[in-house]
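Enquirer: Please find one structure pasted underneath; my questions will follow.
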Amino acid sequence: MIVEAILLTVITASTPLVLAAIGELVCERAGVLNLGVEGMMVMGAVGAFITAQLTGSPYIGIIGGLLTGMVFSLLFGFLTLTLVANQVATGLALTILGQGLSAMIGEGYVGKGGIKMPSLDIPLLSDIPVIGPLLFDQDFFFYLSIALVAGTAWFLFKTRGGLVLRSVGDNHASAHALGINVIGIRYLAVMFGGACAGLAGAQLSLVYTPQWSENMAAGRGWIALALVVFASWRPWGVLIGGYLFGAVTIGQLHAQAFGIAIPAQFLSALPYVVTVIVLVIISRNRRMTLINTPAALGKPFVPDR
Amino acid sequence: MRIELEKRPDRSAVFALASPVIAFVLTVIAGAIMFALIGKDPVEALYGFFIQPLTDIWSLNELMIKAAPLIMIAVGLTVCYRSNIWNIGAEGQFTVGAIIGSIVPVYFYQWESPLLLPIMLVMGAIGGALYAGIPALLKNYFNTNEILTSLMLVYAAQLFLDWLVRGPWRNPEGFNFPQTREFVDSAVLPAMLSSGRAHYGFLLAMLAALAVWFMMRFTLKGFEVNVIGQSQRAGRFAGFSSRRMVWFCFLLSGGLAGLAGISEVSGAIGYLQPSISPGYGFTAIIVAFLGRLNPLGVIVSGLVLALTYIGGENVQFVLGVSDKVTRVFQGMLLFFVLSCDTLILYKVRLIFSGRHAEEKAS
Numbered sequence: 004m005i006v007e008a009i010l011l012t013v014i015t016a017s018t019p020l021v022l023a024a025i026g027e028l029v030c031e032r033a034g035v036l037n038l039g040v041e042g043m044m045v046m047g048a049v050g051a052f053i054t055a056q057l058t059g060s061p062y063i064g065i066i067g068g069l070l071t072g073m074v075f076s077l078l079f080g081f082l083t084l085t086l087v088a089n090q091v092a093t094g095l096a097l098t099i100l101g102q103g104l105s106a107m108i109g110e111g112y113v114g115k116g117g118i119k120m121p122s123l124d125i126p127l128l129s130d131i132p133v134i135g136p137l138l139f140d141q142d143f144f145f146y147l148s149i150a151l152v153a154g155t156a157w158f159l160f161k162t163r164g165g166l167v168l169r170s171v172g173d174n175h176a177s178a179h180a181l182g183i184n185v186i187g188i189r190y191l192a193v194m195f196g197g198a199c200a201g202l203a204g205a206q207l208s209l210v211y212t213p214q215w216s217e218n219m220a221a222g223r224g225w226i227a228l229a230l231v232v233f234a235s236w237r238p239w240g241v242l243i244g245g246y247l248f249g250a251v252t253i254g255q256l257h258a259q260a261f262g263i264a265i266p267a268q269f270l271s272a273l274p275y276v277v278t279v280i281v282l283v284i285i286s287r288n289r290r291m292t293l294i295n296t297p298a299a300l301g302k303p304f305v306p307d308r
Numbered sequence: 029m030r031i032e033l034e035k036r037p038d039r040s041a042v043f044a045l046a047s048p049v050i051a052f053v054l055t056v057i058a059g060a061i062m063f064a065l066i067g068k069d070p071v072e073a074l075y076g077f078f079i080q081p082l083t084d085i086w087s088l089n090e091l092m093i094k095a096a097p098l099i100m101i102a103v104g105l106t107v108c109y110r111s112n113i114w115n116i117g118a119e120g121q122f123t124v125g126a127i128i129g130s131i132v133p134v135y136f137y138q139w140e141s142p143l144l145l146p147i148m149l150v151m152g153a154i155g156g157a158l159y160a161g162i163p164a165l166l167k168n169y170f171n172t173n174e175i176l177t178s179l180m181l182v183y184a185a186q187l188f189l190d191w192l193v194r195g196p197w198r199n200p201e202g203f204n205f206p207q208t209r210e211f212v213d214s215a216v217l218p219a220m221l222s223s224g225r226a227h228y229g230f231l232l233a234m235l236a237a238l239a240v241w242f243m244m245r246f247t248l249k250g251f252e253v254n255v256i257g258q259s260q261r262a263g264r265f266a267g268f269s270s271r272r273m274v275w276f277c278f279l280l281s282g283g284l285a286g287l288a289g290i291s292e293v294s295g296a297i298g299y300l301q302p303s304i305s306p307g308y309g310f311t312a313i314i315v316a317f318l319g320r321l322n323p324l325g326v327i328v329s330g331l332v333l334a335l336t337y338i339g340g341e342n343v344q345f346v347l348g349v350s351d352k353v354t355r356v357f358q359g360m361l362l363f364f365v366l367s368c369d370t371l372i373l374y375k376v377r378l379i380f381s382g383r384h385a386e387e388k389a390s
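Pasting the structure below:
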């Protein structure tokens, strides 16, 4: 069934966006703007690919991607949290370094066939027509992305830890006065963001195109950043937005395959142009964005001693 | 062991000058470690990367060719970043400048005239400025984040160039290569020195740096940029419009990036092709920061970053090291620059847990 096949590819294209965006959402809710998602993603992709190659197991590859992203994010954390460097500039630095480093590390692996991730079908449920194969016969990353969105929503709004994290992002001075370790919590949030971006990269090199090629994130990290704005910093919004953008990406690929009379380059530009348009529509509502934006987003914190 | 920061009463003048130098030294050390890790003699590799390219005339010319666009773009970015406006789409504005500047030599490919080059340069600058105007417009009227929009437009511009050179602008006599006709002689920026390929784009970049330095130092506009950058509120009280500042910064930096784009195409390449930049627009961000957001500093840092391109090509050729080394060096340099800048505003102390406990006790 063609519709089913298209929907399957939409899910595969959307999953890395959802993963990277949910990590960035937590990071921004803690008041830290990490523009290095693209860099952490390519590092995760190369880390996952190489560990999977060396061990022969895609699941150890996932762990490799996660750890690479997390360790790499610590560089950002050290500069912005410990040394109070400018967050925008440091995020850009993380992306530039990540693109160079991943290309260098992965050079010997270009063109090597990857290890395909098996899909995990859930017995009985996967036999349901249409939605069975779509929702219950997917690879690990799909289930993980849904679980992470649900888990994040629950953590942020239903637990004490989530309240603490949000308070750090909204008013770090008050949080500090209440005895909360602002820097410590921000480190954890940055590492969570790095781990999620690493997982998103792992999905790219293990599932989406099971191989390694230079700059294989291709702007997805930046789209994930836009998704956080799109979602107004709410977890379920990330899921909806991720699938919207996944659909646009796949839609343009299918349009190219059908030989539609629009030049391929224009169709390839579509996800980026749509990102700009969606950002405009969302940001127009100034009051709405003001309510949801973490108030201390991007502001450095230096505790008095 | 922990690191503690103590705010200095004033910016440290010593570290303002020393921090880029320390950052450069740290990058070289980290680079040596990296070369050792991949099994190359660090001394030989560093010599090949940083020194050898400076020893012959040919590569000095190449250095100026690579430094020209970096300096030109970075000078515009310093104004943006000083006023806290984040244009990170210079790569796209560079591309659009190259495209718009090439309209006349592509469509009127037989027209030779001394007027041709000035027309191209002006059109290139206007093209870059207009493209940069899009994120400015969206920021001012729809409150859209300029970091994301300016970056998304980079991908759109590159795909548009790709379409042009493979489609309507493809050279009909070019054996199907994806490139335009070669520019006629009067559409090519002439060589500046008798010794090699370095073209007048480098001189243009110097002039741009000097002009922007003069503006920032001696004019009201420059003062305005600094005030708004330090505090938007203070700027508002002084009657400066932050909306007009967004326009000013984007149009200026976009115009300079566009000028760099057409200079590169007409001076160094001679026709349009799918890829016209090894990431100049992004590397220029590093140039701006390494130059301490000062147009004169940018001249120095532009030459340093140009050296990383030449050095990368050189070690690839001589030692068989991957050319990806260039990007790694550039990334590390930016990291170290940003960390060393902390020294300007803060005293950094390493606290060893034992001693800290004693202090508390006493």
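Protein chains in written order, with the numbering used here: chain A, 4 to 308; chain B, 29 to 390. Heads up, the beta-carbon is just placed ideally off N, CA and C, and yes, glycines get one too.
Rounded to a whole number of angstroms, what is the C-alpha to C-alpha distance between A:Thr162 and A:Arg32?
Expert: When rounded, the distance between both Cα atoms is 14 Å.
Enquirer: In the DSSP output, what is B:Ala219 paired with across the bridge?
Expert: B:Ala219 pairs with B:His227.
Enquirer: Of the choices B:Val293, B:Ser294, B:Gln301, B:Ala285, whose alpha-carbon is the least far from that of B:Ala312?
Expert: Residue B:Ala285 is the option with its Cα nearest to B:Ala312.
Enquirer: When we look at the beta-carbon of B:Phe196 and count the other beta-carbons within 10 Å, is it buried (16 or more) or exposed?
Expert: For the record, residue 196 of chain B in the displayed sequence is Pro; it is not Phe. Flag for B:Pro196 reads exposed.
Enquirer: Taking the C-alpha atoms as reference points, what is the distance between A:Ile294 and B:Arg261?
Expert: If you take the alpha carbons of A:Ile294 and B:Arg261, they lie about 21 Å apart.
Enquirer: Classify B:Tyr169: buried if its beta carbon has 16 or more other beta carbons within 10 angstroms, exposed otherwise.
Expert: The residue is exposed, with fewer than 16 neighbouring Cβ atoms inside 10 Å.
Enquirer: Please determine whether the Cβ atom of B:Gln138 lies at a distance below 7 Å from any heavy atom of the ligand ADP.
Expert: Questions concerning the ligand ADP fall outside what the structure shown contains, since it holds no ligand whatsoever.
Enquirer: Residues of the region 213–230 of chain A with a CB closer than 9 Å to any CB of chain B: list them in chain order, please.
Expert: Answer set for the region 213–230 of chain A: Glu217, Ala221, Gly222, Trp225, Ile226, Leu228, Ala229.
Enquirer: So which residues on chain B does A:Glu110 lean against when the C-beta distance must stay under 8 Å?
Expert: Within chain B, the residues near A:Glu110 are Ser350, Lys352.
Enquirer: What is the rounded straight-line gap between the Cα of B:Phe380 and the Cα of B:Thr55?
Expert: Distance between the alpha carbons of B:Phe380 and B:Thr55: 26 Å.
Enquirer: Unbroken alpha helix (DSSP H) runs of length 4 or more, entirely within the region 166–252 of chain B: which are they?
Expert: Listed in chain order, they are 174–194, 229–246.
Enquirer: Is it true that the region 147–164 of chain A meets the region 234–247 of chain A, where meeting means three or more beta-carbon pairs spaced less than 8 Å apart?
Expert: These segments touch.
Enquirer: Could you have a look at A:Val40 and say whether DSSP puts it in helix, strand or coil?
Expert: A:Val40: helix per DSSP, three-state reduction.
Enquirer: Can you pull the chain E neighbours of B:Ile113, defined as C-beta to C-beta under 9 Å?
Expert: Of the chains in the structure shown, none is chain E; the protein chains are A and B.
Enquirer: Assess contact between the region 87–94 of chain B and the region 312–327 of chain B, defined as three or more Cβ pairs (one per stretch) separated by less than 8 Å. Is contact present?
Expert: The region 87–94 of chain B vs the region 312–327 of chain B: no contact.
Enquirer: So, is the C-beta of B:Gly359 closer than 8 Å to a C-beta in chain A?
Expert: It does; some Cβ of chain A falls within 8 Å.
Enquirer: Measure the beta-carbon distance from A:Ala205 to A:Leu168 and round it to whole angstroms, keeping in mind my assumption that it falls under 8 Å.
Expert: That belief does not hold up - the Cβ atoms of A:Ala205 and A:Leu168 are roughly 25 Å apart, past 8 Å.
Enquirer: Run down chain A in chain order and give the residues with a C-beta less than 7 Å from the C-beta of B:Ile61.
Expert: Ordered by position in chain A, no residue passes the 7 Å Cβ test against B:Ile61, which lies about 14 Å from the chain.
Enquirer: Could you check the C-alpha separation between B:Pro228 and B:Ala157 for me, to the nearest Å?
Expert: Checking the sequence shown, residue 228 of chain B turns out to be Tyr, not Pro. About 21 Å.
Enquirer: Cβ of B:Ile131 within 8 Å of Cβ of B:Met151?
Expert: For B:Ile131 and B:Met151, yes; Cβs fall inside 8 Å.
Enquirer: For A:Ala260 and A:Leu10, what's the separation of their Cα atoms in angstroms?
Expert: Distance between the alpha carbons of A:Ala260 and A:Leu10: 16 Å.
Enquirer: At the 8 Å Cβ level, is A:Arg289 part of the contact set with chain B, yes or no?
Expert: Yes, contact with chain B.
Enquirer: Helix, strand or coil: how does DSSP classify B:Tyr374 here?
Expert: Of the three classes helix, strand and coil, the one that applies to B:Tyr374 here is strand, per DSSP.
Enquirer: Could you tell me whether the Cβ atoms of B:Val240 and B:Val107 are closer together than 8 Å?
Expert: Yes, the pair counts as a contact, with Cβ atoms nearer than the cut-off.
Enquirer: List the residues of chain A that B:Gly313 touches, going by C-beta distances under 9 Å, in chain order.
Expert: The sequence given here places Ile at residue 313 of chain B; Gly does not occur at that position. By Cβ distance, chain A contributes Ala92, Leu95, Ala96, Ile99.
Enquirer: Looking at the secondary structure, which residues open and close the alpha helix (DSSP H) in which B:Glu72 lies?
Expert: 70–74 is the span of the alpha helix (DSSP H), which, as asked, contains B:Glu72.
Enquirer: I want to verify the contact list: residues of chain A whose CB lies under 8 Å from the CB of B:Trp275, in sequence order.
Expert: Near B:Trp275 there are no residues of chain A at all, since even the closest Cβ is about 17 Å away, more than 8 Å.
Enquirer: Start and end of the beta strand (DSSP E) containing B:Lys94?
Expert: First-last for B:Lys94: 85–110, but that is the alpha helix (DSSP H), not the beta strand (DSSP E).
Enquirer: Answer with yes or no whether the minimum CB distance from B:Arg355 to chain A is below 8 Å.
Expert: For B:Arg355, the answer is yes, since a Cβ of chain A falls inside 8 Å of its Cβ.
Enquirer: Is B:Asp190 buried or exposed, if buried means 16 or more other CB atoms sit within 10 Å of its CB?
Expert: Flag for B:Asp190 reads buried.
Enquirer: Going by DSSP, which residues form a beta bridge with A:Val74?
Expert: A:Val74 is not bridged to any residue.
Enquirer: Taking a contact to mean a Cβ-Cβ separation below 8 Å, would you say A:Gly34 touches A:Ala299 in this structure?
Expert: Yes; because the gap between Cβ atoms is below 8 Å, this pair is in contact.
Enquirer: Nearest to A:Ala200 by alpha carbon, out of A:Met46, A:Ile5, A:Ile186?
Expert: Nearest of A:Met46, A:Ile5, A:Ile186 to A:Ala200, Cα basis: A:Met46.
Enquirer: For A:Lys161, report the span of its alpha helix (DSSP H) as first-last.
Expert: Counting along the chain, the alpha helix (DSSP H) containing A:Lys161 begins and ends at 143–161.
Enquirer: Which residue's Cα is closest to the Cα of A:Tyr112: A:Pro213, A:Phe75, A:Leu28?
Expert: Here the closest residue by C-alpha is A:Pro213.
Enquirer: Report yes if the C-beta distance between A:Leu330 and A:Met43 is below 8 Å; otherwise report no.
Expert: Absent from the model: residue 330 of chain A. The displayed extent of chain A is 4 to 308, so no value can be given.
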